[in-house]
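Residue numbers (our numbering): 667 to 1197.
Notes for the one structure printed next.
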């Protein structure tokens, strides 16, 4: 007779979920025992890394990924990157073991006391099956919920003694829609407003990239002769950033953001929240006389927007439908923004000089994973994203995502046969949040390049301290860290990039390597302004 475990593995095969990310624990061993030869276990040394690896993998494949955590402590370890997966709109099926049903009343060691509550509110659905026989069908429902818009993580708590129980007949394998189109009448209203606008502007978010909608976004911008901004703190790039219509990334704060939109009577936001604000710099959300239209696939995102009229729909389908309705315009195309001048020489160099050197030797099909908050403005200025699915970071603002996400991204690229080069730019503070991911990268022989601007401090927090006038905050300096020794201890190659001139050779060698390479690059400790 088939067991619950047998039936579950057959369902996972049918759904294409044959890769499991995780860190094994005792309550998960009954699921993982006699691990099938046609499945792959991606071993992370800590659950936060496992979640972010699955996140990166799912974002590249565009399908749900499965990550297996260890009851309550492991779920707790993974929560930071689960928050990021929620904000990243990443479809994940997160499973965690639970103690034996026979003992749950007495709450033995490793019991998850309220397993369905623990990951909330950062999952779309959280469930512990009432019967062992419900586990396969719960996986099917979890897959459907994770994949449907707005996509995101779901959570299943699975008692360890359920796996050996006799199974019910297997659940039907079902497919679900992952995109939906806009309401036609509302769409025509939006198109009419755009056609009548004197000076429209587009603000694009990550959903445009997730929908593979760069070409139609370009076509809409050119049809409207409109400048294009990236929404604040974008986790993915949504528009070719060397295009003459592109203006950059909007600032995070309310008043500075509104100032950037001054002179436009209509703002069309597609695939992003309205807006991600931080820090608090009060002011009007929009300039006087400016109207905002918001396209999103998330009703909650539309509801919490402080301004604007919303249209629910997939970013790509909505842009394509708008393009069909928009007439040609006689407005002149916007002038291209000025090119950045040459970096200023300094010893040690600043981040601007380092990233100018990186841009000069950047591989044409490279993927950038970014987690260097204090250097982000310089990085985006010097290294514009020119191809879809080429820029990834955390939408949550929480550190510890970049290194393990790069592992998942590189693994998905290898599985797809593309093998696009993956370069992580990560601050020396951020580097240590999920540093264990280096070991997995080395074990999988993934040629990830990890460029670490080293300034021996939490520079972004010093920038906040200056803005908010909070001197004397402890713990903002990072002396005594040996990145080379740490990276070598996890099995990585290393090379210190002493000057920007040394970067091209170091990057080329790292891209040819058969495993990960960590490139510490000393930069100045100057604290940039946050706004």
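Even for Gly, the Cβ is constructed at its ideal location relative to N, Cα and C.
Once you ignore the five residues that flank residue i on each side, which residues in its own chain have a CB closer than 7 Å to its CB?
i	result
residue 1029	1087, 1177
residue 864	931
residue 885	989
Can residue i and residue j be called in contact, C-beta distance under 9 Å?
i	j	result
residue 753	residue 901	yes
residue 1090	residue 1072	yes
residue 1054	residue 875	yes
residue 981	residue 1035	no
residue 645	residue 1066	Residue 645 lies beyond the range of the chain shown here (667 to 1197); nothing can be said about it.
residue 1080	residue 1112	yes
residue 881	residue 979	no
residue 942	residue 899	yes
residue 862	residue 1056	no
residue 1189	residue 1120	yes
residue 907	residue 896	yes
residue 1061	residue 872	yes
residue 674	residue 811	no
residue 839	residue 1045	no
residue 1168	residue 1092	no
residue 687	residue 733	yes
residue 1003	residue 928	no
residue 853	residue 698	no
residue 751	residue 823	no
residue 1187	residue 1163	yes
residue 950	residue 924	yes
residue 918	residue 945	yes
residue 757	residue 668	no
residue 773	residue 782	no
Do you know how far the Cα of residue j is from the Cα of residue i?
i	j	result
residue 1068	residue 1142	21 Å
residue 806	residue 730	11 Å
residue 836	residue 690	26 Å
residue 1082	residue 723	11 Å
residue 1076	residue 1114	7 Å
residue 1021	residue 1191	16 Å
residue 1194	residue 1165	20 Å
residue 934	residue 764	47 Å
residue 1033	residue 857	34 Å
residue 696	residue 1156	29 Å
residue 977	residue 816	14 Å
residue 1031	residue 1127	33 Å
residue 940	residue 959	10 Å
residue 953	residue 1116	41 Å
residue 775	residue 741	15 Å
residue 767	residue 828	8 Å
residue 1123	residue 947	25 Å
residue 797	residue 1183	47 Å
Got a sec, what are the start and stop residues for the beta strand (DSSP E) residue i sits in?
i	result
residue 764	758-764
residue 1129	Looking at the DSSP string, residue 1129 is not in any beta strand (DSSP E); the run it does join, the alpha helix (DSSP H), is 1125-1134.
residue 696	It is not in any beta strand (DSSP E) - residue 696 instead sits in the alpha helix (DSSP H) that spans 695-698.
residue 1120	1115-1120
residue 623	This structure cannot speak to residue 623, because the chain is shown only from 667 to 1197.
Within the continuous alpha helix (DSSP H) that includes residue i, where are the two ends?
i	result
residue 720	713-727
residue 1149	1149-1155
residue 753	737-754
residue 1074	1068-1082
residue 940	Per DSSP, residue 940 belongs to no alpha helix (DSSP H) and is neither H nor E.
residue 1175	1169-1178
residue 850	850-862
residue 881	880-890
residue 876	872-876
residue 679	670-680
residue 1187	Run containing residue 1187: none in the alpha helix (DSSP H); it sits in the beta strand (DSSP E), 1183-1188.
Kindly list the residues whose CB is nearer than 6 Å to the CB of residue i, restricted to its own chain and excluding five residues on each side of it in sequence; keep chain order.
i	result
residue 926	916
residue 681	809
residue 962	968
residue 821	760, 785, 789, 792
residue 891	995, 997, 999
residue 938	871, 897
residue 1094	1118, 1120
With a CB to CB cut of under 8 Å and the five nearest residues on each side skipped, what residues in its chain are close to residue i?
i	result
residue 1106	708, 709, 710, 711, 715, 719, 1070, 1073
residue 799	670, 831, 832, 833, 834
residue 1145	1122
residue 1012	1019, 1190
residue 778	737, 738, 741, 762, 764, 765, 784, 823
Please indicate yes or no: does the CB of residue i lie closer than 8 Å to some heavy atom of the ligand ZN?
i	result
residue 1018	As for the ligand ZN, it is missing from this structure, which has no ligand bound.
Taking only runs that begin and end inside the stretch 1033-1063, name each unbroken beta strand (DSSP E) of 3 or more residues, in chain order. 1033-1037
In chain order, what are the residue ranges of uninterrupted alpha helix (DSSP H) at least 4 long that sit wholly in the stretch 790-830? 801-813
Would you mind listing the beta strand (DSSP E) stretches within the stretch 970-1033 that are 3+ residues and don't spill past its ends, in chain order? 975-978
Which runs of the beta strand (DSSP E) fall wholly inside the stretch 904-932 and span at least 3 residues, in chain order? 912-915
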